[in-house]
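Numbering-wise, the sequence shown is residues 1 to 595 according to the numbering used here. In this text, a Cβ means the ideal position worked out from N, Cα and C, and glycines have one as well. Since the model is a prediction, treat every value here as computed from it, not as a measurement. To start, the structure under review is shown below, and the notes come after it.
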Amino acid sequence: MRRFLLVLLLAPSCFAAPVESTLIANIPGRTSVNLSGSWRVIVDPFSNGQSAGIFRDEKPRSKGDRIEYSFDASPVMSVPGDWNTQRDQLMFYEGTVWYRRLFKYQKRSQTRAFIYFGAVNYRASVYLNGEKVGEHEGGFTAFNFEVTSLLRDGENSLVVEVNDTRRPDGVPAMKFDWWNYGGITRAVTLVEVPAVFVQDYWAQLARGSQNEISGWVQLNGAQAGQKVNFEIPEAGVRQALTADAAGRALIHVTAKLELWSPEHPKLYDVMIGTGEEKVHDQIGFRTIEVQGGKILLNGKPIFLRGISMHEEAPFRGGRAFSPEDAQTLLGWVKDLGCNFVRFAHYPHNENEVRLADRIGLLVWSEIPVYWDIAWSNPATLANAQAELRDMIARDHNRAAIALWSLSNETPVNPERVTFLKQLAQEARELDSTRLITCAMNHVDKTSPDLRTLSDPLGEVLDVLGINEYVGWYEGRPEDADKIGWKSVWSRPIIVSEFGGGASFGLHGDADERWTEEYQNNLYEHQLKMVERIPNLAGMTPWVLMDFRSPTRLLPGIQDYRNRKGLISDRGQRKLAFYRLQEFYRNLAASERASH
Ligand code: GCB
Numbered sequence: 001m002r003r004f005l006l007v008l009l010l011a012p013s014c015f016a017a018p019v020e021s022t023l024i025a026n027i028p029g030r031t032s033v034n035l036s037g038s039w040r041v042i043v044d045p046f047s048n049g050q051s052a053g054i055f056r057d058e059k060p061r062s063k064g065d066r067i068e069y070s071f072d073a074s075p076v077m078s079v080p081g082d083w084n085t086q087r088d089q090l091m092f093y094e095g096t097v098w099y100r101r102l103f104k105y106q107k108r109s110q111t112r113a114f115i116y117f118g119a120v121n122y123r124a125s126v127y128l129n130g131e132k133v134g135e136h137e138g139g140f141t142a143f144n145f146e147v148t149s150l151l152r153d154g155e156n157s158l159v160v161e162v163n164d165t166r167r168p169d170g171v172p173a174m175k176f177d178w179w180n181y182g183g184i185t186r187a188v189t190l191v192e193v194p195a196v197f198v199q200d201y202w203a204q205l206a207r208g209s210q211n212e213i214s215g216w217v218q219l220n221g222a223q224a225g226q227k228v229n230f231e232i233p234e235a236g237v238r239q240a241l242t243a244d245a246a247g248r249a250l251i252h253v254t255a256k257l258e259l260w261s262p263e264h265p266k267l268y269d270v271m272i273g274t275g276e277e278k279v280h281d282q283i284g285f286r287t288i289e290v291q292g293g294k295i296l297l298n299g300k301p302i303f304l305r306g307i308s309m310h311e312e313a314p315f316r317g318g319r320a321f322s323p324e325d326a327q328t329l330l331g332w333v334k335d336l337g338c339n340f341v342r343f344a345h346y347p348h349n350e351n352e353v354r355l356a357d358r359i360g361l362l363v364w365s366e367i368p369v370y371w372d373i374a375w376s377n378p379a380t381l382a383n384a385q386a387e388l389r390d391m392i393a394r395d396h397n398r399a400a401i402a403l404w405s406l407s408n409e410t411p412v413n414p415e416r417v418t419f420l421k422q423l424a425q426e427a428r429e430l431d432s433t434r435l436i437t438c439a440m441n442h443v444d445k446t447s448p449d450l451r452t453l454s455d456p457l458g459e460v461l462d463v464l465g466i467n468e469y470v471g472w473y474e475g476r477p478e479d480a481d482k483i484g485w486k487s488v489w490s491r492p493i494i495v496s497e498f499g500g501g502a503s504f505g506l507h508g509d510a511d512e513r514w515t516e517e518y519q520n521n522l523y524e525h526q527l528k529m530v531e532r533i534p535n536l537a538g539m540t541p542w543v544l545m546d547f548r549s550p551t552r553l554l555p556g557i558q559d560y561r562n563r564k565g566l567i568s569d570r571g572q573r574k575l576a577f578y579r580l581q582e583f584y585r586n587l588a589a590s591e592r593a594s595h
């Protein structure tokens, strides 16, 4: 009894211990059945479906049977896709929606099957043929469950209960400046693998080296001694590896490689295979490190010409998920003259990250530890740890990813510092090759014209992100001319946000809020100020495109949209777009001239 009590008392810290990711890497490179398309949905505002047994997906067997739901008689919705923008009535809806997809399957011996979800916002409970398969919390990370033994020959019913109610212990919690798009927002896939399969792998340059690839392959279902091949044919790499009892085989190989960079986004075809399976991926190799106040890419200082963006679809609105959405959004980023993009404020879909790899954009990827969350709650920490782990697990082979960001604009208090320090340590344990950052917004106003960054969090970060809104939330754009900046940490700084709102097509004087001229003038003054920040290594102004937010209430101007976009949600470019474009193009030209 005593021992039991002790276990209970210790439970919170046990709960917070990191757990290995179970994600299957590289879904695009696997044999799979796409379960996207039309799903039947039942909107369940009072979450009555559990007691009604909706997950069983039953039909009355006789005319006297009482079954108070019917998927067959319910309307359909597209998956992937949020529910808010698929039905007018659901624009402001937060709650439960049940989804069902029927699919045919033919079982084969020696084949295992997993259901993989790109993302479901925010909680998902998954059932196959009436049996519970698993649960997941967190709206922007992928997850998978093995369903081999639950699959039937013939028709199968996959039911997902989705709930996007905001929660005080959630990540993010109760308040955030973006739309709480609910639903199965990324693709659903039935992945087929052999009994022993390549679950994950890691192949990147060892920290500080330009020719040593180090990493591992993680097999699932393997015995010690299982052979795995690791090949990069174009670089002449061919290694036969042997897995240990945990199914892990270590990669360590030297090769002469063309290094990946935004100007030369070289990707190699990499093959990882056992006798039964060959997994192909396209991987780039580069180093990213910090030296004093500089960020070095492949050993040379780089200035990160960036922009922040949400994962919101241009033109049609709603969550972006498709390769076409990614093409449009990142096409604009490229056109702006960027070599860098901040995926705010949560891990974006894999199409975006893979496209960044192909077209040469370095990426800041972030977990939604945003504003205030329950810093002292062990369950919240465990959830943030899981989101961090799964963000890293999905994208750790992408050369584009330069920075993992742990948080955005969090209040300075001891519980928050403890929480984020723990995440920083874990991020480093999970990935020693990338830089760790946070977007911070607390500065000491030592004198009216001097801002000092002294947030204690700075101590554990490689790169300091600063969000500042001089000229918008604070004073007038001209105030930027006299403001100087200091940091107590001699680390590279990225101005991770600055900006101001403008309604596309609204013109007026430069001192008239909401006009394109005001926004343009703000960029004019901000660009001069940020250049004076010591150790400035890059910037990602706020924000590429106008986006929906429930906190933006001004009729006629905002209409529930944050208007700080350089481009409207209809794709129209505002004056400030051209101002920043000119600034970035000049910067790039002078860098080329000095090389
Ligand atoms: C911020 C937040 C961002 C908001 C932005 C704004 O500081 O990081 O999520 O959308 O300001 O527009 O106020």
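Item: Any idea what DSSP makes of residue 22, helix, strand or coil?; Value: coil
Item: I need the DSSP call for residue 106, collapsed to helix, strand or coil.; Value: coil
Item: In angstroms, rounded to a whole number, what distance separates the CA positions of residue 272 and residue 183?; Value: 34 Å
Item: Assign residue 440 to one of two classes, buried (16 or more other C-beta atoms within 10 Å of its C-beta) or exposed (fewer than that).; Value: buried
Item: Residues in its own chain within less than 6 Å of residue 592 by CB, not counting five upstream and five downstream?; Value: none
Item: So, residue 189 versus residue 27, is the Cβ gap smaller than 7 Å?; Value: yes
Item: Looking only at DSSP bridge pairs, what is residue 242 linked to?; Value: 227
Item: Whose CA, out of 176, 315, 398, 228, lies closest to the CA of residue 286?; Value: 398
Item: Does DSSP classify residue 551 as helix, strand or coil?; Value: coil
Item: Quick one: grab the DSSP three-state call for residue 11.; Value: With a pLDDT of 37 at residue 11, under the threshold of 50, the modelled position of that residue is not reliable, and no figure is offered here.
Item: Which of helix, strand or coil does DSSP assign to residue 364?; Value: strand
Item: Determine the extent of the alpha helix (DSSP H) in which residue 429 is found, giving its start and end residues.; Value: 414-430
Item: On the premise that residue 162 lies in contact with residue 596, defined as a C-beta separation below 8 Å, what is that separation, rounded to the nearest angstrom?; Value: The chain is shown only over 1 to 595; residue 596 falls outside these bounds and no answer can be derived.
Item: Between which two residues does the beta strand (DSSP E) containing residue 40 stretch?; Value: 37-44
Item: Give me whichever residues DSSP pairs with residue 291 in a beta bridge.; Value: 294
Item: Check whether the Cβ of residue 564 lies closer than 6 Å to any heavy atom of the ligand GCB, and answer yes or no.; Value: yes
Item: Pick helix, strand or coil for residue 96, following the three-state DSSP scheme.; Value: strand
Item: Using alpha carbons as the reference points, say which of 433, 250, 31 lies closest to residue 242.; Value: 250
Item: Tell me whether residue 497, by its Cβ, gets closer than 6 Å to a heavy atom of the ligand GCB.; Value: yes
Item: Quick check on residue 450: does DSSP put it in helix, strand or coil?; Value: strand
Item: Could you give the DSSP three-state label for residue 189: helix, strand or coil?; Value: strand
Item: Output needed for residue 38: all residues of its chain with C-beta closer than 7 Å, excluding positions within five of it in sequence on either side, in chain order.; Value: 76, 78
Item: So is the beta-carbon of residue 177 under 6 Å away from any non-hydrogen atom of the ligand GCB?; Value: yes
Item: Given 6 Å as the limit, tell me if residue 474 has its C-beta closer than that to any heavy atom belonging to the ligand GCB.; Value: no
Item: Taking the alpha carbon of residue 367 as the reference point, which residue from 98, 173, 509 has its own alpha carbon closest?; Value: 173
Item: So, with DSSP's three-state summary, where would you put residue 392?; Value: helix
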